[in-house]
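*Asks:* The sequence shown begins at 8 in the numbering used here and counts up by one. Using N, Cα and C, we set each Cβ at its ideal position, and we do this for glycine too. Shown below is the structure under consideration.
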Amino acid sequence: MLRSSQYKHLQDELRRHEHLYYVLDAPEITDAEYDRMMQELKALEEAHPELVTPDSPTQRVGGKPREGFVKVAHSGAMLSLDNALDEAELRDFDRRVRELLGDQSYTYVAELKLDGLSLAVHYRDGAFAQAVTRGDGSVGEDVTENTRTIRSIPLRAKGSFEVRGEVVFNKKAFEKLNAERELAELPRFANPRNAAAGSLRVLDPSITASRQLDFYAYFLIPPRPTQWESLEALHAMGFKVNSHRKRCQGIEELVAYCKEWEAKRDSLPLEIDGVVAKVDSVAQQAKLGWTAKAPRWAIAFKFPAQQAQTLVEDIIVNVGRTGAVTPTAIFTPVNIGGVMVGKATLHNEDEIGRLGVQIGDTVLVERAGDVIPKVVRVVNEGDNRRPFVMPTTCPDCGGDVVRAEGEAISRCINTNCPARLKESVLHFAARGVMDIDGLGEVLVNNLVGSGLVKNVADLYKLTLDDLVKMERMGSKSALNVLKHIEASRKSTLNRLINGLGIPFVGERTAQILAKTFGDLDKIMNADEEELKKAEEVGPKVAHSIRQFFDQPANRELVERLRHEGFVFTYEVTRQTGKLQGLTFVLTGTLPNLTREEAQQRIEAAGGKVAKSVSKKTNYVVAGEEAGSKLDKAKELGIKVVDEAELIGMMA
Ligand code: IVH
């Protein structure tokens, strides 16, 4: 039929131009021509909805927002790579390969290490089917709908396979996004990687669609006989593959490649933080195998932190949710490896003393990977330098600022300080606490500023009318915020405890308290001795909890939350997992899971996590830099496992 062939032709042409533009960076037509073709296709689809296929170029616009992300297990673990921090460590990698495979020269594929977010993309029967974030390495989040909006990911490809690669933001798109956010008075993203994560892990695909995300493929499953051929195949299938890849014969060529790109990194449109080297032959890769942490056939050569010098124009203070008054250095903005840096926290008076930094000094500032910029040292003392003096009154409310004995941090002691209030509302609404999406800095400032919100319980009194009166609030976003506020009433006890913002009580302690006492009333009424019986709760934390609940204002807040329908009891899920009856002790840094994640997963599988090793311990899970607990385990003859083995036990 004419119409259907016209439709297919138009689709194919759009696909071809999309590839030329987004993957090859070599457009043949103008943007306007492209838009015109897209409009034509849309018009055709509107007139004939029966023609629309899910892989049509029109389907990238982003569907409906979702409620949350679904967890998906990876086909094989998405582990990370071992790092080589200098040339010697890179040579060590080659030496290990030669020791294991036989002493000869090996072929390595060198690729630039893009600083983004790794993603597994699945194709089934020729079509883009699913995309999953790395998550903890074994289980990630389904971000299929968001990923569909990334133009450099083909919606069609031959056969069924998996591609792994990196979702990135180029430096220009990153700067543009941040400029837009500044105009909208939204907080800037700290680096392109955060921007990529913040754009992919959103519930509304239309947000992802509006951002200029890119995807570079670096891994094909099943692979071709060599990594090089896999990359070539990916390129041929229409994926973006970094064009600076190189097949290096032996270690000398590899070292030269790393040196070359370390010097040239700033010239690239993308943020890179090193070079990834992989043994080219897949047969050799198989012989080398994997450690629990990473493949033995690959290494990440990490570039050193990027540094720059700049002037400290001022040192200002910020008031946090616990009243902590934190000094922040304000710099003459400086470009550090493609990212503009204008400030860095100085933490506290002691740190300022240690650095010896004063206003007017020139300092060396460093930005290492995902780490927030930090002042390394003073390089030049300014002629008219002037020391920072911690204010004695709060810049926001005029309350007293006090530094308790033995503490490094100064605090505003007025519990009704608006700056503290704003921070506490933001903490309450944060992801992982009450998950109130849309309740960001600007809205909280306005709500607190207008007097509508005097504590977090006031959130539950807000109406649509109240919200739409706030600056930059449409009724759609207002409804969305209300929906999330409503949903948060059903939060668990541990999230509620965390949300209260008791000093020294974070996610983990909140979890322990909820489990130990089972009931918020019991925690509120416990004395310090009783509180200390809970695991990991020492005198300092117990004192802080007691002090918090002794404040009438805090008790009143809790009563109001009770009235709003919050659950005050801990709901125990019946556990019949694979680790039922087993006790674990965690030590050292695990490659993928944080301590909290590991503990949660062990508990979810029915196991217990203890703090110290004893005869009752069944397994010690050891990561990097495991300390005395590991020695103790060996002494008592307790079985030691690594992260991968642990995950295996739970599978
Ligand atoms: S290979 C087993 N290749 O770096 C294969 N990773 O530190 C593991 N990355 O999690 C990945 N560019 O997010 C590989 N060309 C590249 C890469 C790359 C960036 C990231 C990736 C990975 C991390 C490892």
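Can E173 be considered in contact with the ligand IVH, in the sense that its beta carbon sits closer than 7 angstroms to one or more heavy atoms?
*Replies:* Reading the sequence shown from its first residue, position 166 is the one you call residue 173. For the ligand IVH, at least one heavy atom lies less than 7 angstroms from the Cβ of E173.
*Asks:* Start and end of the beta strand (DSSP E) containing E320?
*Replies:* Your numbering for residue 320 matches position 313 in the sequence shown. Its beta strand (DSSP E) spans residues Q313 to V326.
*Asks:* Alpha carbon to alpha carbon, what distance is there between G133 and S145?
*Replies:* Working through the sequence shown from its first residue, we reach residue 145 at position 138. Working through the sequence shown from its first residue, we reach residue 133 at position 126. Near 25 angstroms, if we compare the C-alpha coordinates of G133 and S145.
*Asks:* Would the beta-carbon of V104 be found less than 7 angstroms away from any heavy atom of the ligand IVH?
*Replies:* What you label residue 104 is simply residue 97 of the sequence shown in a count that begins at 1. Every heavy atom of the ligand IVH is 7 angstroms or more from the Cβ of V104, so no.
*Asks:* Using C-beta distances below 7 angstroms, list every residue in its chain close to R581, excluding the 5 sequence neighbours before and after it, in chain order.
*Replies:* Taking the first residue of the sequence shown as position 1, residue 581 is located at position 574. Residue confidence for R581 is low, a pLDDT of 45 falling below 50, so the modelled location carries little weight; the figure read from the coordinates is stated next. Closer than 7 angstroms at Cβ, skipping near neighbours: no residue.
*Asks:* Where does V620 sit, in a helix, a strand or coil, going by DSSP?
*Replies:* What you label residue 620 is simply residue 613 of the sequence shown in a count that begins at 1. Note: V620 maps to coil in three-state DSSP.
*Asks:* Extract the residue ranges of the alpha helix (DSSP H) inside the segment 527 to 570, only unbroken runs of 4 or more that lie entirely within it.
*Replies:* The qualifying runs are 527 to 532, 535 to 539, 546 to 557 and 559 to 570.
*Asks:* State the beta-bridge partners of P302 as determined by DSSP.
*Replies:* As a working mapping, residue 302 is identified with position 295 in the sequence shown. P302 is bridged to W297.
*Asks:* Would a C-beta distance cut-off of 8 angstroms place N303 and R102 closer than the cut-off?
*Replies:* If you number the sequence shown from 1, residue 303 lands on position 296. If you number the sequence shown from 1, residue 102 lands on position 95. According to the sequence as given, residue 303 is Arg; it is not Asn. No, they are not a contact pair.
*Asks:* What is the rounded straight-line gap between the Cα of M531 and the Cα of R553?
*Replies:* Within the sequence shown, the letter at position 524 stands for residue 531. Within the sequence shown, the letter at position 546 stands for residue 553. Rounded to the nearest angstrom, the two C-alpha atoms are 7 angstroms apart.
*Asks:* Apply the 10 Å Cβ neighbour rule to D377 and answer buried if 16 or more other Cβ atoms are within range, or exposed otherwise.
*Replies:* Taking the first residue of the sequence shown as position 1, residue 377 is located at position 370. Because D377 sits at a pLDDT of 47, beneath the cut-off of 50, its placement in the model cannot be relied upon, and the following sentence gives the value as read from the coordinates. So D377 counts as exposed.
*Asks:* Based on the DSSP output, what are the partners of I645 in its beta bridges?
*Replies:* As a working mapping, residue 645 is identified with position 638 in the sequence shown. None; I645 has no bridge partner.
*Asks:* DSSP beta-bridge partners for Y115?
*Replies:* Within the sequence shown, residue 115 is the residue found at index 108, counting from 1. C255 and V286.
*Asks:* Answer yes or no: the CB of L121 versus the heavy atoms of the ligand IVH, is any distance below 7 angstroms?
*Replies:* Numbered from its first residue, the sequence shown carries residue 121 at position 114. Yes, since a heavy atom of the ligand IVH falls inside the 7 angstroms radius drawn around the Cβ of L121.
*Asks:* Excluding the 5 residues preceding and the 5 following R562 in the sequence, name in chain order all residues of the same chain whose CB lies nearer than 8 angstroms to its CB.
*Replies:* For this step, residue 562 is matched to residue 555 along the sequence shown. Correct list, in chain order: M531 and F556.
*Asks:* Let me check you understand the geometry: is the CB of Y225 closer than 7 angstroms to at least one non-hydrogen atom of the ligand IVH?
*Replies:* Indexing the sequence shown from 1 puts residue 225 at position 218. Yes; taking the cut-off as 7 angstroms, the Cβ of Y225 has a heavy atom of the ligand IVH nearer than that.
*Asks:* Over what stretch of residues does the alpha helix (DSSP H) that includes I609 continue unbroken?
*Replies:* To locate residue 609, count along the sequence shown from 1; it is residue 602. Residues R602 to A611.
*Asks:* Apart from the five residues just before and just after I279, which ones in its own chain have a Cβ nearer than 8 angstroms to its Cβ?
*Replies:* As a first step, residue 279 is located in the sequence shown; it is residue number 272 there, counting from the start. Hits under 8 angstroms: L119, K120, L121, D122, W268, R272 and F310.
*Asks:* Quick check: is the beta carbon of T151 nearer than 8 angstroms to any beta carbon in chain D?
*Replies:* The structure shown contains no chain D, having only a single protein chain.
*Asks:* Shorter than 7 angstroms, the distance from the beta carbon of E148 to the closest heavy atom of the ligand IVH, or not?
*Replies:* To locate residue 148, count along the sequence shown from 1; it is residue 141. No; taking the cut-off as 7 angstroms, the Cβ of E148 has no heavy atom of the ligand IVH nearer than that.
*Asks:* Going along the chain, which residues of its own chain have a beta-carbon closer than 8 angstroms to the beta-carbon of V77, five neighbours each way excluded?
*Replies:* Within the sequence shown, the letter at position 70 stands for residue 77. Here the set comprises E148 and D149.
*Asks:* Considering Cα atoms alone, identify which of G360, T317 and R361 is closest to K350.
*Replies:* For the purposes of this step, residue 350 is taken as residue 343 along the sequence shown, with counting starting at 1. Selected option, being the one with the closest Cα: T317.
*Asks:* Nearest by alpha-carbon distance to Q313: which of A517, A180 and R374 is it?
*Replies:* Position 306 of the sequence shown, counted from the start, is the residue given in the question as residue 313. Of the listed residues, the one whose Cα sits closest to Q313 is R374.
*Asks:* Can you look up S417 in the DSSP assignment and give me helix, strand or coil?
*Replies:* What you label residue 417 is simply residue 410 of the sequence shown in a count that begins at 1. DSSP places S417 in strand when its eight states are reduced to three.
*Asks:* In the structure shown, what three-state DSSP assignment does V638 receive?
*Replies:* As a working mapping, residue 638 is identified with position 631 in the sequence shown. For the sequence presented, residue 638 should be read as Asp rather than Val. Three-state result, D638: helix.
*Asks:* State the Cα-Cα distance for the pair Q66 and N153, rounded to the nearest angstrom.
*Replies:* As a position in the sequence shown, residue 66 is number 59, starting the count at 1. As a position in the sequence shown, residue 153 is number 146, starting the count at 1. C-alpha separation (whole angstroms): 11 angstroms.
*Asks:* Taking just the CA atoms, how far does R218 sit from S1?
*Replies:* Residue 1 lies beyond the residue range present for the chain, which begins at 8 and ends at 658; the question has no answer from this structure.
*Asks:* Can you give me the start and stop residues for the alpha helix (DSSP H) that T523 sits inside?
*Replies:* As a working note, residue 523 is residue 516 in the sequence shown. That run of the alpha helix (DSSP H) goes E514 to F524.
*Asks:* Please name the residue in N391, G389, C424 and D390 whose C-alpha comes closest to that of G406.
*Replies:* As a first step, residue 406 is located in the sequence shown; it is residue number 399 there, counting from the start. For the residues N391, G389, C424 and D390, the minimum Cα distance to G406 belongs to C424.
*Asks:* Please state if the CB of I519 and the CB of E543 are separated by a distance shorter than 8 angstroms.
*Replies:* Position 536 of the sequence shown, counting from 1, holds the residue named residue 543. Position 512 of the sequence shown, counting from 1, holds the residue named residue 519. Result yes, Cβ atoms of E543 and I519 sit closer than 8 angstroms.
*Asks:* Would the segment 606 to 615 count as touching the segment 567 to 579 if we require 3 or more Cβ pairs under 8 angstroms?
*Replies:* Flag = no, the segment 606 to 615 and the segment 567 to 579 do not touch.
*Asks:* Rounded to a whole number of angstroms, what is the C-alpha to C-alpha distance between C401 and V512?
*Replies:* Position 394 of the sequence shown, counted from the first residue, corresponds to residue 401. Position 505 of the sequence shown, counted from the first residue, corresponds to residue 512. Spanning the two alpha carbons is a distance of roughly 24 angstroms.
*Asks:* Using a Cβ-based criterion (distance less than 7 angstroms to any ligand heavy atom), does E239 qualify as near the ligand IVH?
*Replies:* Counted from its first residue, the sequence shown places residue 239 at position 232. Checking every heavy atom of the ligand IVH against the Cβ of E239, none is found closer than 7 angstroms.
*Asks:* Looking at R393 and T329, is the spacing between their C-beta atoms short of 8 angstroms?
*Replies:* Taking the first residue of the sequence shown as position 1, residue 329 is located at position 322. Taking the first residue of the sequence shown as position 1, residue 393 is located at position 386. No, Cβ-Cβ distance for T329 and R393 is not below 8 angstroms.
*Asks:* Can you tell me which residues form a DSSP beta bridge with G172?
*Replies:* Reading the sequence shown from its first residue, position 165 is the one you call residue 172. Answer by DSSP bridge pairing, in chain order: L126 and A224.
*Asks:* Take the Cβ of P276 as the centre, count every other Cβ of all protein chains shown within 10 Å, and call the residue buried at 16 or more, exposed below.
*Replies:* Here residue 276 refers to the residue found at position 269 of the sequence shown. Under this definition P276 is an exposed residue.
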